[in-house]
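To start, the structure itself, in structure tokens.
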Amino acid sequence: LSGTLQKLYLATNSIKHHLEFARDYQNMGAKRPQWVDVRASCKKAASNMDTKNVSVVIELRDLEVFADPMLEKVFYNLIDNSIRHGGAVRNIKFSFVRDRDGMRIICQDDGIGIPVEHKTSIFKRDSGMEGEQRGYGLYLAKEILGITGMTISENGTAGECAMFVIHIPPGKYRTKPQLRKRKSQRPSY
1 LSGTLQKLYL ATNSIKHHLE FARDYQNMGA KRPQWVDVRA SCKKAASNMD
51 TKNVSVVIEL RDLEVFADPM LEKVFYNLID NSIRHGGAVR NIKFSFVRDR
101 DGMRIICQDD GIGIPVEHKT SIFKRDSGME GEQRGYGLYL AKEILGITGM
151 TISENGTAGE CAMFVIHIPP GKYRTKPQLR KRKSQRPSY
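Below you can see the structure in the form of structure tokens.
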């Protein structure tokens, strides 16, 4: 009987997963792209999941990107993948760096990383590695980012870490250093 219940449980979870994907996929692109506060979006994504055993550090201050309003789902999927598939992940860090080709948002964990042979296939619909439930999360992330010309890749080292890099082309991001400066110059009473 327990084998039958286990199969029923797995089938139910699979159906739930497919329905959630269908809803998210349908919502993608439903609203016009807008300027999104990256730090707030990432923090909201982290707050919507159980991260009690994982330190999530978000160093995305004063950065906005022109993106689909579902950007939060991208961060949610990156955190979720680290926790569910990264082994004994204890740390996930989000940061950004400007380069000559635009801006990069980096999500790096201290998990087991992704084997070289899976680095591109993980972004395909119905991707999967043997023995693991792989679904649509990274595919959906790639599609959400692609709406405004952003791309995502996995550049980590298998056995050491996963490192997802979101490339944001020029004109699709803006920094707000003037806001940080104004906040630090508040008068003291």
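Using my numbering, the letters of the sequence shown map in sequence onto residues 1 to 189. Don't be surprised by glycine CBs; every beta carbon is placed ideally from N, CA and C.
> Taking Cβ to Cβ, would you say Gly87 is nearer than 8 Å to Cys161?
Replying inline: no
> Quick one: complete beta strand (DSSP E) runs, 3+ long, within the segment 54-112?
Replying inline: 55-58, 63-67, 91-99 and 102-109
> Smallest Cα separation from Phe164: which of Ala67, Trp35 and Lys93?
Replying inline: Lys93
>> For Met150 and Ala67, what's the separation of their Cα atoms in angstroms?
In response: 8 Å
> From Thr157, Ile106 and Gly137, pick the residue whose C-alpha is nearest to that of Gly113; which is it?
Replying inline: Thr157
>> For Glu64 and Lys176, I'd like the C-alpha separation in whole angstroms.
In response: 8 Å
> Ile105: which of Asp37, Arg32, Thr4 and Pro33 sits nearest, CA to CA?
Replying inline: Asp37
>> Let's see if you can read the secondary structure: which residues bound the alpha helix (DSSP H) around Val38?
In response: Val38 to Ser47
> Whole-angstrom Cβ separation of Val74 and Ile168, contact assumed at under 8 Å?
Replying inline: That pair is no contact at about 12 Å.
>> Within the continuous alpha helix (DSSP H) that includes Tyr139, where are the two ends?
In response: Gly137 to Gly146
> Do you know offhand how far Thr148's Cα is from Ser41's?
Replying inline: 16 Å
> Per DSSP, what kind of secondary structure is Ile114 in: helix, strand or coil?
Replying inline: coil
> Gly137: which of Ile58, Val56, Val97 and Leu78 sits nearest, CA to CA?
Replying inline: Leu78
> With a CB to CB cut of under 6 Å and the five nearest residues on each side skipped, what residues in its chain are close to Glu154?
Replying inline: Ile114, Lys119 and Phe164
>> Classify Glu72: buried if its beta carbon has 16 or more other beta carbons within 10 angstroms, exposed otherwise.
In response: buried
>> On a Cα-Cα basis, can you pick out the residue from Arg32, Met70 and Ser95 that is closest to Arg39?
In response: Ser95
> In terms of alpha-carbon separation, which member of Asp109, Asp101 and Phe123 lies closest to Pro170?
Replying inline: Asp101
> Mind checking Lys124: buried by the 16 CB within 10 Å criterion, or exposed?
Replying inline: exposed
> For Met70, is the classification buried or exposed, using 16 other Cβ atoms within 10 angstroms of its Cβ as the cut-off for buried?
Replying inline: buried
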